Amino acid sequence: MNSKRNLLRLAGGAALMPLVAQARSVRPSAQRSPLADYFPNVVLETHDGRKVRFYDDLIKGKVVAINMMYSICTGVCPTGTANLKQVQQALGQRLGKDVFMYSITLRPEFDNGAALRDYIKHYDIQPGWTFLTGKPQDVDLVRRKLGFVGDTEAIDADINQHTGMVRIGNERLERWTMAPALGSHRQILRTILELT
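Residue numbers (mature numbering (1 follows the signal peptide of the UniProt record, and there is no 0)): -23 to -1, 1 to 173.
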C-alpha cells in the first residue's frame, strides 16, 4: 500500500515538473519593462563627472523626480530650485535610497560639471540630488521623452519659456505624473510620496 502511494506521489510530482521548470525559467528581473523601449538609454554626465545611462542607471526600478534647468536661468529655475531644495530636505534619508532627484540642464553646451557644481554651491544644495549634462542631442531627446516641451515650436525653441514642471515617476509601477515646480514644495512632496 505504501508502494502504491509512493508511486502515485512520484507520478504526480513528475507531471508537475514541466510547470516547475517553466516557472523557474521566467524571472521577474528578466522581464523587460515597456519603458525600457520608450526612454532613451543615452549617456549623461553627473555634476561630479560620472558617466551614467539615462534609463539603466537613473530610471530603471526607481521613484524619480526630474526637472529641467540651466545655470544662468533667472526665470522659473531659482524658485523651482528653492522648492525642490525643500523637497530634498523633507525626504531626508529616503533621498538616494528609495527616491531619486535629478535636474537636467537645458544648456549642455555651456553647463558642464563645473558649472553645475557652481550652481549646486550657489543654492547650497546638499548631497543626494544629482545634476546632469550631456551631448545636446541626447539631452534634447531625454527632455522630449519626459514631456518637457512647449505648446508650439516657437515657445519650445525659446529657452526663457521652458516648462517649470517636475516629472515624477515610479518606473517599476509604470506610473508617471507631473507637478508644478513653482507650486508648493508640499504639493511636489505629496505627489512623490503617492508614487512610492
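Backbone N, C-alpha and C define an ideal beta-carbon position, used for all residues, glycine too.
All figures in this text were calculated on a predicted structure; none of them were measured in a lab.
At a Cβ-Cβ threshold of 8 Å, residue 76 and residue 165 do not count as neighbours. Within the DSSP bridge table, the entry for residue 22 names 28, 110 as partners.
For the pair residue 110 and residue 82, the CB atoms are nearer than the 8 Å cut-off. A residue is called buried when at least 16 other Cβ atoms come within 10 angstroms of its Cβ; residue 85 meets this threshold and is buried. Taking a 10 Å sphere around the C-beta of residue 49, we find fewer than 16 other C-beta atoms and assign the residue as exposed.
For residue 96, the uninterrupted alpha helix (DSSP H) run begins and ends at 90 to 99, by DSSP.
Within the DSSP bridge table, the entry for residue 147 names 40, 152 as partners. Straight across, the Cα-Cα distance linking residue 54 with residue 156 is about 14 Å.
Inclusion of residue 162 and residue 107 in the CB contact set at 8 Å is not warranted, their separation being larger than that value.
In this structure, residue 148 lies near residue 37, with their beta-carbon atoms less than 8 Å apart. Note that the stretch 135 to 143 does not touch the stretch 93 to 103; fewer than 3 beta-carbon pairs, one per stretch, sit closer than 8 Å. With at least 16 other beta carbons inside 10 angstroms of its own, residue 145 counts as buried.
Selection 28, 10, 32 evaluated against residue 122 yields 32 as nearest (Cα-Cα).
The alpha-carbon of residue 158 is positioned some 15 Å away from that of residue 66.
Here residue 101 is exposed, its C-beta having fewer than 16 other C-beta atoms within 10 Å.
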